[in-house]
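The structure under discussion appears below in the form of structure tokens.
There are 2 protein chains.
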Amino acid sequence: MPDAAGPAAAGPAGLALSSTPRTSHRRLREQGRTDRAELFAVLRAGFIAHLGVQAASGLMVVPTVYGFDERQLYVHGSVASQSLTAGEQVACVTVTIVDGLVLARSVFEHAVNYRSAMIYAVPRPLTDPAEKLAGLRLVSEHLAPGQWEYVRQPSRKELAATTLLAMSLDEASVKVRSGPPDDGDSADAGLGLWAGELPLAAAWQQPLADPALPPGIAVPAHIGRRAGTSVYPEDPDIPDP
Amino acid sequence: MPDAAGPAAAGPAGLALSSTPRTSHRRLREQGRTDRAELFAVLRAGFIAHLGVQAASGLMVVPTVYGFDERQLYVHGSVASQSLTAGEQVACVTVTIVDGLVLARSVFEHAVNYRSAMIYAVPRPLTDPAEKLAGLRLVSEHLAPGQWEYVRQPSRKELAATTLLAMSLDEASVKVRSGPPDDGDSADAGLGLWAGELPLAAAWQQPLADPALPPGIAVPAHIGRRAGTSVYPEDPDIPDP
Numbered sequence: 001m002p003d004a005a006g007p008a009a010a011g012p013a014g015l016a017l018s019s020t021p022r023t024s025h026r027r028l029r030e031q032g033r034t035d036r037a038e039l040f041a042v043l044r045a046g047f048i049a050h051l052g053v054q055a056a057s058g059l060m061v062v063p064t065v066y067g068f069d070e071r072q073l074y075v076h077g078s079v080a081s082q083s084l085t086a087g088e089q090v091a092c093v094t095v096t097i098v099d100g101l102v103l104a105r106s107v108f109e110h111a112v113n114y115r116s117a118m119i120y121a122v123p124r125p126l127t128d129p130a131e132k133l134a135g136l137r138l139v140s141e142h143l144a145p146g147q148w149e150y151v152r153q154p155s156r157k158e159l160a161a162t163t164l165l166a167m168s169l170d171e172a173s174v175k176v177r178s179g180p181p182d183d184g185d186s187a188d189a190g191l192g193l194w195a196g197e198l199p200l201a202a203a204w205q206q207p208l209a210d211p212a213l214p215p216g217i218a219v220p221a222h223i224g225r226r227a228g229t230s231v232y233p234e235d236p237d238i239p240d241p
Numbered sequence: 242m243p244d245a246a247g248p249a250a251a252g253p254a255g256l257a258l259s260s261t262p263r264t265s266h267r268r269l270r271e272q273g274r275t276d277r278a279e280l281f282a283v284l285r286a287g288f289i290a291h292l293g294v295q296a297a298s299g300l301m302v303v304p305t306v307y308g309f310d311e312r313q314l315y316v317h318g319s320v321a322s323q324s325l326t327a328g329e330q331v332a333c334v335t336v337t338i339v340d341g342l343v344l345a346r347s348v349f350e351h352a353v354n355y356r357s358a359m360i361y362a363v364p365r366p367l368t369d370p371a372e373k374l375a376g377l378r379l380v381s382e383h384l385a386p387g388q389w390e391y392v393r394q395p396s397r398k399e400l401a402a403t404t405l406l407a408m409s410l411d412e413a414s415v416k417v418r419s420g421p422p423d424d425g426d427s428a429d430a431g432l433g434l435w436a437g438e439l440p441l442a443a444a445w446q447q448p449l450a451d452p453a454l455p456p457g458i459a460v461p462a463h464i465g466r467r468a469g470t471s472v473y474p475e476d477p478d479i480p481d482p
């Protein structure tokens, strides 16, 4: 994404859009999506996030799992929490899905098709056990729907040992690029070169049983039925939160 | 990756490892990989990076394409450059490949199988045209091997309009998690629940011609032969730089 630059504004929860300096369109205005539904579409379709925080040792960008509800994103914050507890700093968390390569007639016009959401918020470490449990359930259900009810849920001790950060979705931006290259009507179109897209698709594979598993335990349906399905679905069949 | 916390140390270029406070193992020591070859394996296998920088408006985590050679990573820096030109701040750029879900017997032991590299460096905007051209070529060849020679290369004007940042690979860390869940010998193993991995695989699809393309232009071999191949190969068949 040489073009993944200027973020667009999504707005305060459930409302139309008010941009802040941070989320206003700085470049490539046409790539901005101003609909809050687009934010949830990216969050639903994505799988991991990259959380950027100022830690004591400096800036870090940490890959992390996440979940979300209508108002907040929930991320694991084991590293981040070192510094986050120190002060109220705005962090940025970005979810990106790569959909393919855009192959143009010139190097300069090459691009990536992608869907991306950037969220700016002060991460709030959850301390209330009920709120933490609810947040963890959202993370779990986002990653592996059905597992929360199937497996052993967190003990009090495990819950205490888990750092979960909540980040408001009020300040967010979404950018999407799709489709063919932009130089089909440029002078380069006369070069006689092939141009187009090289899409990529990520699919869940067949489950692999833990070698430690005793014989006779079947793969539960909520896991088995994911095999062959898209990891980053274009239009996830899940309602908005 | 609830577990994607403590980074490990890779070392100065081409040498064994010397950790800094930032890249030393803080947690989960067993996940650290201290071999520089592991860093290049992640960089070769990855496709996009997430660049974290302190911009004037605050911290941003921006998805970007990249390329690399033995000593440096090259990233597009259109947004980042706003603030980067202002001062010498260390940025963090992270490349993450998700390989699958780790389904344990308890919520707490769930994890993600992944490969991740974090690089800490002061981004240096390239100004020398030859150096910039060489860096762009590395980015282009990382994304789409063969395109650099096939398409029109950057004009002087396009080169000037491109912001490319070089970041030293001297301070980096790599983390990899693979394999089944860790609770196969825990008390939870007696629960009789299925546990294992749900791998994911991303593959390049058939190329899609730009609708603006006149008939009779064949897909070049360097593009066509990627269809069906892995986007994030485990062991890319490319030598170290």
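Read top to bottom, the protein sequences are chains A and B. Quick note on numbering: my numbering labels position 21 of the first sequence as 21, and the sequence is numbered without any gaps. For my numbering, add 241 to where a residue sits in the second sequence, where the first one is 1. Glycine residues also receive a C-beta, built at the ideal position from the N, C-alpha and C atoms.
Beta carbon proximity, residue i to chain A, threshold 9 Å
i: Thr368 (chain B); result: no
i: Asp411 (chain B); result: no
i: Leu449 (chain B); result: yes
i: Gln446 (chain B); result: yes
i: Pro523 (chain B); result: Residue 523 (chain B) lies beyond the range of chain B shown here (242 to 482); nothing can be said about it.
i: Gln295 (chain B); result: yes
i: Phe349 (chain B); result: yes
i: Leu454 (chain B); result: yes
i: Gln313 (chain B); result: no
Cβ of residue i within 9 Å of any chain B Cβ
i: Pro21 (chain A); result: Low confidence applies here, because Pro21 (chain A) scores a pLDDT of 49, under 50, leaving its location unreliable; read the following figure in that light. It does: the Cβ of Pro21 (chain A) has a partner Cβ on chain B nearer than 9 Å.
i: Gln31 (chain A); result: Low local confidence applies: a pLDDT of 48 at Gln31 (chain A) is under 50, so the model's placement there is unreliable, and no value is given.
i: Glu38 (chain A); result: no
i: Ala166 (chain A); result: no
i: Ser178 (chain A); result: no
i: Gly58 (chain A); result: yes
i: Arg124 (chain A); result: no
i: Arg226 (chain A); result: yes
i: Val90 (chain A); result: yes
i: Val219 (chain A); result: yes
i: Val65 (chain A); result: yes
i: Val112 (chain A); result: yes
i: Val62 (chain A); result: yes
Pair within 9 Å by beta-carbon distance, residue i and residue j
i: Pro207 (chain A); j: Leu344 (chain B); result: yes
i: Val139 (chain A); j: Val75 (chain A); result: yes
i: Arg115 (chain A); j: Asp99 (chain A); result: yes
i: Phe108 (chain A); j: Thr403 (chain B); result: yes
i: Pro422 (chain B); j: Ala352 (chain B); result: yes
i: Ser106 (chain A); j: Glu475 (chain B); result: no
i: Ala203 (chain A); j: Val231 (chain A); result: yes
i: Leu51 (chain A); j: Val302 (chain B); result: yes
i: Val331 (chain B); j: Leu59 (chain A); result: yes
i: Pro452 (chain B); j: Gly192 (chain A); result: no
i: Ile48 (chain A); j: Thr337 (chain B); result: yes
i: Gln295 (chain B); j: Gln54 (chain A); result: yes
i: Leu39 (chain A); j: Ala172 (chain A); result: yes
Alpha-carbon spacing of residue i relative to residue j, whole angstroms
i: Leu256 (chain B); j: His383 (chain B); result: Low local confidence applies: a pLDDT of 25 at Leu256 (chain B) is under 50, so the model's placement there is unreliable, and no value is given.
i: Gly191 (chain B); j: Leu454 (chain B); result: The requested residue 191 (chain B) is not part of the displayed model; chain B covers only 242 to 482.
i: Trp194 (chain A); j: Ser155 (chain A); result: 58 Å
i: Glu311 (chain B); j: Gly46 (chain A); result: 32 Å
i: Pro386 (chain B); j: Glu372 (chain B); result: 19 Å
i: Leu73 (chain A); j: Gly67 (chain A); result: 6 Å
i: Leu136 (chain A); j: Arg124 (chain A); result: 14 Å
i: Gln205 (chain A); j: Ala37 (chain A); result: 29 Å
i: Ser298 (chain B); j: Tyr391 (chain B); result: 40 Å
i: Gln153 (chain A); j: Thr470 (chain B); result: 39 Å
i: Ala187 (chain A); j: Ala401 (chain B); result: 20 Å
i: Gly77 (chain A); j: Ala221 (chain A); result: 31 Å
i: Asn354 (chain B); j: Val417 (chain B); result: 7 Å
i: Gly190 (chain A); j: Glu88 (chain A); result: 55 Å
i: Gly216 (chain A); j: Leu126 (chain A); result: 40 Å
i: Ala41 (chain A); j: Ala282 (chain B); result: 32 Å
Does the segment 466-473 of chain B touch the segment 116-136 of chain A, meaning 3 or more C-beta pairs lie closer than 8 Å? no
Of the residues that make up the segment 371-403 of chain B, which ones have a beta carbon closer than 9 Å to any beta carbon in chain A? Leu377, Arg378, Val380, Ser381, Leu384, Ala385, Gln388, Trp389, Tyr391, Val392, Arg393, Gln394, Pro395, Ser396, Glu399, Leu400, Ala402, Thr403
Between the segment 437-451 of chain B and the segment 163-178 of chain A, can you find at least three pairs of beta-carbon atoms closer than 8 Å? no
Residues of the segment 180-198 of chain A whose Cβ lies closer than 9 Å to any Cβ of chain B, in chain order: Pro180, Pro181, Asp183, Gly184, Asp185, Asp188, Ala189, Leu191, Gly192, Leu193, Trp194, Ala195, Gly196, Glu197, Leu198
Which residues, taken in chain order from the segment 334-347 of chain B, show a beta carbon closer than 8 Å to some beta carbon of chain A? Val334, Thr335, Thr337, Val339, Gly341, Leu342, Leu344, Ala345, Arg346, Ser347
What are the residues in the segment 41-53 of chain A lying within 8 Å of chain B by C-beta distance? Phe47, Ile48, His50, Leu51, Gly52, Val53
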